[in-house]
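Colleague: Before I ask anything, here is the structure I am working with.
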Amino acid sequence: MSNAVTDPKAEAAGTASQSEIMIHVNGEMVPKSQAAVNVFDHGLLYGDGVFEGIRVYKGKIFKSEQHMNRLYACAKAIRIDLEKFVSRERMVEIQRECIEANNLVDGYIRLIVTRGVGTLGLHPFKCPEPGIICIADQIQLFPPELYEQGMRVVVANRPRIPIECLDPRIKSLNYLNNIMAKVEAIDAGCLECIMLNTEGYIAEGSGDNIFLVKDGEIYTPPSEAGILEGITRKFVINELAPLVGVDVHEKNMRIEEAFEADEIFLTGSAAEVIGVTRIGSTEDDAHQIGSGKEGPITNKLRAKFRQIVTSDNVPED
Ligand code: PMP
């Protein structure tokens, strides 16, 4: 049953058919205008928490099991014993309730686990229970035409935070490293950047993983380069690339290898699969990638991706 006030236009677009979307906040379903957090929640005070960005395709939670595995593993890594408070089954049920309440067919779920309400000090264990927020809505990371044309990116000056400081495998609420790199991209007139690690190897984008294509094979930085182990990245490696008959290798790479690549593409739950056709901010330091248009392997992967997520067999595992 939906709380929605029917809006046929929104329904046709696959959006919430109501004036206000409904959001799950700590056990309650509330309208967006009333969805708020306590100012003593350490998620707000310190960015102390973890989250997931999850796609909904044809009403199904894409790769739900993998997102749950990562969420619970990340919570554990920052010493939140999530299972003690919310079972995985309940966590999936919360998402389904949000999908249903908002009549979502194709959309995006932001699932947030905060340390919870505590005192003003850092002490995480003075927060008795984690906060849980689930937002089911729409997301458009990049303009649709860039998916056809490919996009320009810059190389961020700011390196990805090293594993020994805060492991990028933990999808924590601390995203300032990525946000400030994204600001570098925006300042340079584009929407995404390539982040290097402190050793100068390619790590990832500010909100996506990166792949290079050279001589018909695909290369991507290994987990040890200091990246988020993306679920879309894994989908490309284990399912899409084999389907289009291309081998994928994990390899540490310098930025010069990206300049020389035949194709580059980025992957993420929000970004999906998108080509990179130029690196650099000005004509002087710009590197055209391959032909300067979306490459054939990127195009095949993107088409396969779309075919699967619009099919009747959207994978939830
Ligand atoms: N790297 C970073 C830093 C990200 O924020 C994301 C988006 N979650 C990704 C990679 C891609 O991960 P996924 O495919 O699981 O969305």
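Numbers given in my numbering equal positions in the sequence shown, counted from 1, plus 28. All C-beta atoms, glycine included, are put in the ideal place defined by N, C-alpha and C.
What is the rounded straight-line gap between the Cα of Pro187 and the Cα of Tyr229?
Modeller: C-alpha separation (whole angstroms): 10 Å.
Colleague: Start and end of the alpha helix (DSSP H) containing Leu174?
Modeller: From DSSP, the alpha helix (DSSP H) with Leu174 extends over Pro172 to Gln177.
Colleague: Give the residues whose C-beta lies closer than 7 Å to at least one heavy atom of the ligand PMP, in chain order.
Modeller: Result: Gly81, Pro196, Lys199, Asn206, Glu232, Gly233, Ser234, Gly235, Asp236, Asn237, Ile255, Leu256, Gly258, Ile259, Thr260, Arg261, Thr295, Gly296, Ser297 and Ala298.
Colleague: Starting from the Cα of Ile106, find the closest Cα among Asp195, Ala164, Ala331 and Lys86 and give me that residue.
Modeller: Here the closest residue by C-alpha is Asp195.
Colleague: Please classify Arg282 as buried or exposed, where buried requires at least 16 neighbouring CB atoms within 10 angstroms.
Modeller: Arg282 should be labelled exposed.
Colleague: Is there contact here, the stretch 73-82 with the stretch 189-206, by at least three beta-carbon pairs under 8 Å?
Modeller: Taking 8 Å as the limit for Cβ pairs, the verdict is that the stretch 189-206 does touch the stretch 73-82.
Colleague: Identify, in the order they occur along the chain, each residue of the same chain with its Cβ nearer than 8 Å to the Cβ of Glu93, setting aside the five sequence neighbours on each side.
Modeller: Counting only Cβ-Cβ distances below 8 Å, and skipping sequence neighbours, we find Glu344 and Asp345.
Colleague: Expressed to the nearest angstrom, what Euclidean distance is found between the alpha-carbon atoms of Arg83 and Gly308?
Modeller: Taking the straight line from one Cα to the other gives about 30 Å.
Colleague: Residue range of the beta strand (DSSP E) that Leu240 falls in?
Modeller: Taken as a continuous stretch (DSSP letters only), the beta strand (DSSP E) holding Leu240 covers Asn237 to Lys242.
Colleague: What distance in whole Å lies between the Cβ atoms of Val272 and Lys321, which are believed to be in contact at a cut-off of 8 Å?
Modeller: No, Lys321 and Val272 are not in contact; Cβ-Cβ is about 18 Å, not under 8 Å.
Colleague: Beta-carbon within less than 7 Å of Leu150's beta-carbon, same chain only, minus the 5 sequence neighbours each way: which residues are those?
Modeller: Around Leu150: Tyr74.
Colleague: Pull up the distance between the alpha-carbon of Arg306 and that of His315, whole angstroms please.
Modeller: Near 6 Å, if we compare the C-alpha coordinates of His315 and Arg306.
Colleague: What residues match up with Asp165 in a beta bridge as DSSP calls it?
Modeller: Note: Asp165 sits in a beta bridge opposite Tyr136.
Colleague: State buried or exposed for Phe90, treating a residue as buried only when at least 16 other CB atoms are found within 10 Å of its CB.
Modeller: Answer is buried; the Cβ neighbour count reaches 16.
Colleague: Decide if Gly55 is buried, meaning its Cβ has at least 16 other Cβ atoms within 10 Å, or exposed.
Modeller: Per the 10 Å Cβ criterion, exposed.
Colleague: Less than 8 Å between the CB atoms is what I'm expecting for Val183 and Cys218, so what's the real figure, rounded?
Modeller: Contact doesn't hold; Cβ gap of about 11 Å is too wide.
Colleague: Does the Cβ of Cys193 have 16 or more other Cβ atoms within 10 Å, making it buried, or fewer, making it exposed?
Modeller: When all chains shown are included, Cys193 counts as exposed.
Colleague: Which runs of the alpha helix (DSSP H) spanning at least 4 residues fall entirely within the stretch 225-279, listed in chain order?
Modeller: Fully enclosed alpha helix (DSSP H) runs of 4 or longer: 259-263 and 269-272.
Colleague: Which residues does DSSP list as the beta-bridge partners of Pro350?
Modeller: Nothing about residue 350 can be reported from this structure: the residues present for the chain run from 29 to 345 only.
Colleague: Please report the straight-line C-alpha distance between Arg334 and Leu294, rounded to a whole angstrom.
Modeller: Roughly 15 Å separates the two Cα atoms.
Colleague: By Cβ distance, which residues of its chain are closer than 7 Å to Asn206, with the 5 residues on each side in sequence left out?
Modeller: Closer than 7 Å at Cβ, skipping near neighbours: Ser234 and Gly235.
Colleague: Which residues bound the beta strand (DSSP E) around Phe79?
Modeller: Here the beta strand (DSSP E) through Phe79 covers Gly77 to Tyr85.
Colleague: Within the same chain, show all residues whose beta-carbon is closer than 7 Å to that of Thr226, passing over the 5 residues directly before and after it, in chain order.
Modeller: Taken in chain order, the residues that qualify are Pro187 and Pro190.
Colleague: What's the gap between the Cα of Lys279 and the Cα of Pro249?
Modeller: So the two alpha carbons sit approximately 5 Å from each other.
Colleague: Buried or exposed for Ser61, please, with buried defined as at least 16 other CB atoms from any protein chain shown within 10 angstroms of its CB.
Modeller: Under this definition Ser61 is an exposed residue.
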